[in-house]
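The first sequence maps to residues 1143 to 1860 in our numbering.
To start, the structure under review is shown below, and the notes come after it.
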Amino acid sequence: MPTPGRRRFALPQRAPVNLEIDFEKDLNGQQLAVATCGDGPKLVIAGAGSGKTRTLTYRVAYLLQRGVPPAGILLVTFTNKAAREMLGRVGQLTRLEPYRMWGGTFHSVGARLLRRHAELLGYNENFSILDEGDQRDLLRLCITDLDVSVERRRFPSPKVLAGLFSLQINTRQPLEDLLAERYARFVDWSEIIHEIAERYVARKRAANAMDYDDLLHRWLQLLQENDEVRDRYREQFAHILVDEYQDTNIVQAEIVEAMAGQGQGANLMVVGDDSQSIYAFRGANYDNILRFPERNPATEVFRLETNYRSTPQILDLTNASIQHNEVKYEKTLRAERTDGMPPAMVPCSYPQQEGVFVAERILQLRDEGVDLDEIAVLYRAHAHRLSVETTLLRYDIPYEVRGGLRFFEQAHIKDVVAHLRLLDNPRDEVAFRRVLLLQPGIGNVTADRIWKAIGGHTVDAEALVGALDEKSVVDLLSAKARPGWGSFVGTMGEVLAARADPQTAILSILESCYEDYVVAKFDNSESRIEDLQQLAVFAAQYDSLHGLLEELLLLGELYGRDVDRGGRRGDDDGDSAVVLSTIHQAKGLEWHSVFIIHLLEGFFPSPRALDEAGGEEEERRIFYVAMTRARDELYLSYPIIRPGGYGASVVQRRSRFLQELPDTSYETWQLEEEVVETPAVATASGAGREADTEPDFDPNVDPVWDDDEVLGEPWAGD
DNA sequence: TTAAGCTTTCTTTTT
DNA sequence: GAAAGCTTAA
């Protein structure tokens, strides 16, 4: 009997024949022009709430309909969530599985590409990705290595160095310039800093690891140094679409330009709103969007100027605010919706009162039928949320905090994941040391000795675990360190055995040593162990360590949600909860009602940002982003007295961004404190509420202050 | 050499 | 008001 041979069966990528999409009906004139435009570079200036996502989705559908294969489209968005959402919507619209499309953040697309071609850059395809914590750990090693002289008191911390190196890459500024401009106090250290930078790069390479910045600039390097690779992707990606272009940096701009090629054939469509550019601090370059037409000569510019989101009242206010910025594309956002209520300006006397106002108003809104999911409280910096958070807790209003420590960045998660990482990439020095230091009796010195003896040589997990067993290592150890070493070797053996099943792998780490460690080290050990069990459950959907790691580091929108969830879970509200979020994290989202709190001079704009060129304008854009999240109701509040840093209270002026608004564009709400016998809401915690939580504050003092009267007035402690 | 305890330094925003 | 880093004791 002849042995069966091979048969090739081609799966052609057919263009969908008839999608039955009525572009003209579904889109307005401006949107339609974008969705159906021809080839060449395009810049789309899309105002807030102008249906940008919708337009992009239809653009992709249009391309597919025109016969562009899914694999020929690259869609780069700011978050993975946005990418998934858009691909999902394209799928619905076209009734096709757009899974062959490439979509994601710059970092995730970069990682995917770099893994394919890692060897061209001297890496292995299983390179580790270092987050900021890992980056700091590695930098610290480089610093100790150099044995920086005794007067190291003023030497920049790993965190500062990381920021410096990151800016160096993302803004293309030489170290000297950056040092002179922003870190003048470290100029004397310039030489050593250079050396640390070199060592850091070398050590990353030795560890087969890339940090977030590497994913961008090595990607660009790959395209620049390998014409074949570049041409291959130029050919593959006939259309490149970039969302949120206002937040890209120089490296990212060059990447898309290199991928797209130059001139007429370069089908590069970038979409963004210059007024929403809020990431300059990490190297985003406002010029990318302003100068796109210059860099790409044949550019056609489109505008989306009809706002479908907000009431005319909110829009007037936001337009009035952004009007104070000089550098921008001129555009006029027209309101589509009918009249609503004027935005509210709410002066509060002290932070707790601001919290009470927000909470009381939220309860009213809920009574009016607004779902808690439709309400958000936004703030400039994370710390500003506290007064509101405590009040919501007290009022028993369910809320969800967005941001803060990401799930993955919590120490206990990183500890466990470091085990997996080490097996995925045995050269990963950061992971190796991290895991070793968990063991009792093993500290920096011993870890160092072990790493020098056996670290970094093996490329493959079995070989690594094999090497651990060698007698020569045990001889290096003090008696004190031996039990810890034994435990480490045992754990790694178990994890190796279970590596095809990440869930089992994680559980075995917990059982064999980490659970004990958590109990001994953290006082909130229960909740941490719970987290880890959740991680194990989450890991069950992956069949390789590698897949899980990639998800955690690059795709993870995973935050410690359940952990951060405060208040009682709503009974009748289901899981509905008010969102507390920084403005940056609220980008791209919208709510029925939005509270922007802590609008104080000295906080918003952030004083640090004001030192930078263009800082005030960037801060105003942040304010603009915050206000434009609101569909129907917008509340701008601020406490006039805030607790000073170390005990004393200070009187503060309201933010300049509020002062500059025309007073016809908002309504001022004057808070009056009433003495109420029964709490407005009957809740479990309500009884104790009045008694122990109201601060010492003279109720006879008029809570509404006039700015000029109080400016500069000292306020002695509380 | 480790680990606890004490001091010091922050706090802008995050893929 | 916390986390990181340094000092000191075991």
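Virtual Cβ for every residue (Gly too), placed ideally from N, Cα, C.
Rounded C-alpha distance that separates R1536 from N1666: Translated into the one-based positions of the first sequence, residue 1536 becomes position 394. Translated into the one-based positions of the first sequence, residue 1666 becomes position 524. Cα to Cα, R1536 sits roughly 22 Å from N1666.
Whole-angstrom distance between A1260 and W1627, CA atom to CA atom: The residue labelled residue 1627 in the question sits at position 485 within the first sequence. The residue labelled residue 1260 in the question sits at position 118 within the first sequence. Using only the alpha carbons, I get a separation of about 33 Å.
Paired residues, beta bridge with W1811 - DSSP: As a first step, residue 1811 is located in the first sequence; it is residue number 669 there, counting from the start. Paired residues: none, contrary to the question.
Enclosing beta strand (DSSP E) for W1244 [first to last residue]: Position 102 of the first sequence, counting from 1, holds the residue named residue 1244. It spans 1244–1246 - the beta strand (DSSP E) in which W1244 sits, taken as one unbroken run.
Strand pairing of R1445, partner residues [DSSP]: One-based indexing of the first sequence puts residue 1445 at position 303. Answer is I1187, bridged to R1445.
Pairwise C-alpha distance: P1212 and N1409: Along the first sequence, one-based indexing puts residue 1409 at 267. Along the first sequence, one-based indexing puts residue 1212 at 70. C-alpha separation (whole angstroms): 15 Å.
C-alpha gap between G1482 and L1564, whole angstroms: Within the first sequence, the letter at position 340 stands for residue 1482. Within the first sequence, the letter at position 422 stands for residue 1564. When rounded, the distance between both Cα atoms is 57 Å.
Boundaries of the beta strand (DSSP E) in which I1215 is found, first to last residue: The residue given as residue 1215 occupies position 73 in the first sequence. Here the beta strand (DSSP E) through I1215 covers 1215–1218.
Backbone secondary structure at S1529 - three-state DSSP: Taking the first residue of the first sequence as position 1, residue 1529 is located at position 387. In the structure shown, S1529 sits in a helix (DSSP, three-state: H, G or I).
A1426 to A1395 span [Cα, whole Å]: Numbered from 1 along the first sequence, position 284 holds the residue referred to as residue 1426. Numbered from 1 along the first sequence, position 253 holds the residue referred to as residue 1395. One C-alpha to the other measures close to 10 Å.
Alpha helix (DSSP H) runs wholly inside the stretch 1447–1471, at least 4 long, in chain order: 1454–1464
Y1325 in three-state terms, based on DSSP: Your numbering for residue 1325 matches position 183 in the first sequence. Reduced to three states, the DSSP call for Y1325 is coil.
Alpha-carbon to alpha-carbon, L1309 and Q1315: To locate residue 1315, count along the first sequence from 1; it is residue 173. To locate residue 1309, count along the first sequence from 1; it is residue 167. Rounded to whole angstroms, Q1315 to L1309 spans 8 Å at the Cα level.
Residues of its chain near A1225, where Cβ-Cβ distance is below 6 Å and the 5 sequence neighbours each way are ignored: Sequence index remark: in the first sequence, residue 1225 carries index 83 (1-based). Result list for A1225: T1219, G1245, G1246, in chain order.
CB of S1723 within 8 Å of CB of E1775, strictly: Indexing the first sequence from 1 puts residue 1723 at position 581. Indexing the first sequence from 1 puts residue 1775 at position 633. No, Cβ-Cβ distance for S1723 and E1775 is not below 8 Å.
Rounded C-alpha distance that separates V1343 from A1351: Counting from 1 along the first sequence, the entry for residue 1343 is found at position 201. Counting from 1 along the first sequence, the entry for residue 1351 is found at position 209. Each residue's alpha carbon lies about 10 Å from the other.
Segment limits, alpha helix (DSSP H) that includes M1769: If you number the first sequence from 1, residue 1769 lands on position 627. Looking at the DSSP string, the run of the alpha helix (DSSP H) that includes M1769 is 1757–1769.
For E1377, the three-state DSSP class (helix, strand or coil): In the first sequence, the residue the question calls residue 1377 occupies position 235. In the structure shown, E1377 sits in a helix (DSSP, three-state: H, G or I).
Cβ pair S1192, N1222 closer than 8 Å: For this step, residue 1192 is matched to residue 50 along the first sequence. For this step, residue 1222 is matched to residue 80 along the first sequence. No, the pair does not count as a contact, with Cβ atoms beyond the cut-off.
Extent of the continuous alpha helix (DSSP H) to which P1781 belongs: Taking the first residue of the first sequence as position 1, residue 1781 is located at position 639. Here P1781 belongs to no alpha helix (DSSP H); instead the beta strand (DSSP E) covers 1772–1781.
Segments of 4+ residues assigned as alpha helix (DSSP H) that fall wholly inside the stretch 1556–1584: 1571–1579
R1796 - partner residues in DSSP beta bridges: If you number the first sequence from 1, residue 1796 lands on position 654. Note: R1796 sits in a beta bridge opposite L1742.
Start-end ranges of the alpha helix (DSSP H) lying completely within the stretch 1485–1509, minimum 4 residues: 1493–1509
Close Cβ partners of L1262 (< 8 Å) along its chain, the five nearest in sequence each way excluded: The sequence position of residue 1262 within the first sequence is 120, counting from 1. Closer than 8 Å at the Cβ level, and outside the excluded window around L1262, lie L1364, E1367, N1368, V1371.
Extent of the continuous alpha helix (DSSP H) run through E1333: Position 191 of the first sequence, counting from 1, holds the residue named residue 1333. Per DSSP, E1333 belongs to the alpha helix (DSSP H) from 1332–1348.
Contact belief for I1504 with V1720 at Cβ below 8 Å, rounded distance in angstroms: Taking the first sequence and counting its residues from 1, one reaches residue 1504 at position 362. Taking the first sequence and counting its residues from 1, one reaches residue 1720 at position 578. Contact flag correct, Cβ pair sits at about 6 Å.
CB-CB length for Y1428 against S1417, believed under 8 Å: Translated into positions along the first sequence, residue 1428 becomes position 286. Translated into positions along the first sequence, residue 1417 becomes position 275. Actually they do not touch by this definition, with Cβ atoms about 11 Å apart.
Straight-line Cα distance separating P1781 from F1839: Taking the first residue of the first sequence as 1, we reach residue 1839 at position 697. Taking the first residue of the first sequence as 1, we reach residue 1781 at position 639. Unreliable positioning characterises F1839 in this predicted model, as indicated by a pLDDT of 37, which lies under 50. A coordinate reading is not provided.
Distance between Y1808 and I1725 (C-alpha atoms, nearest Å): Position 583 of the first sequence holds residue 1725. Position 666 of the first sequence holds residue 1808. C-alpha separation (whole angstroms): 21 Å.
Residues of its chain near A1829, where Cβ-Cβ distance is below 6 Å and the 5 sequence neighbours each way are ignored: If you number the first sequence from 1, residue 1829 lands on position 687. Any reading at A1829 must be qualified, since the residue scores a pLDDT of 34, below 50, and its modelled position is unreliable; no value is offered.
Separation of Y1492 from P1821, as counted between CA atoms: If you number the first sequence from 1, residue 1821 lands on position 679. If you number the first sequence from 1, residue 1492 lands on position 350. Any reading at P1821 must be qualified, since the residue scores a pLDDT of 49, below 50, and its modelled position is unreliable; no value is offered.
C-alpha gap between E1815 and I1738, whole angstroms: Indexing the first sequence from 1 puts residue 1815 at position 673. Indexing the first sequence from 1 puts residue 1738 at position 596. About 21 Å.
Where the beta strand (DSSP E) containing D1353 begins and where it ends: Within the first sequence, residue 1353 is the residue found at index 211, counting from 1. Note, D1353: beta strand (DSSP E), 1351–1353.
S1735 in three-state terms, based on DSSP: By one-based count along the first sequence, residue 1735 stands at place 593. Note: S1735 maps to strand in three-state DSSP.
Closest Cα partner of Y1766 within the set I1464, R1149, R1773, T1313: Reading the first sequence from its first residue, position 624 is the one you call residue 1766. Looking at the Cα atoms, I1464 is the closest of the given residues.
Rounded separation between R1798 and N1461 - CA only: As a first step, residue 1798 must be located in the first sequence, where it is residue number 656. As a first step, residue 1461 must be located in the first sequence, where it is residue number 319. Answer to the nearest angstrom: the Cα atoms are 16 Å apart.
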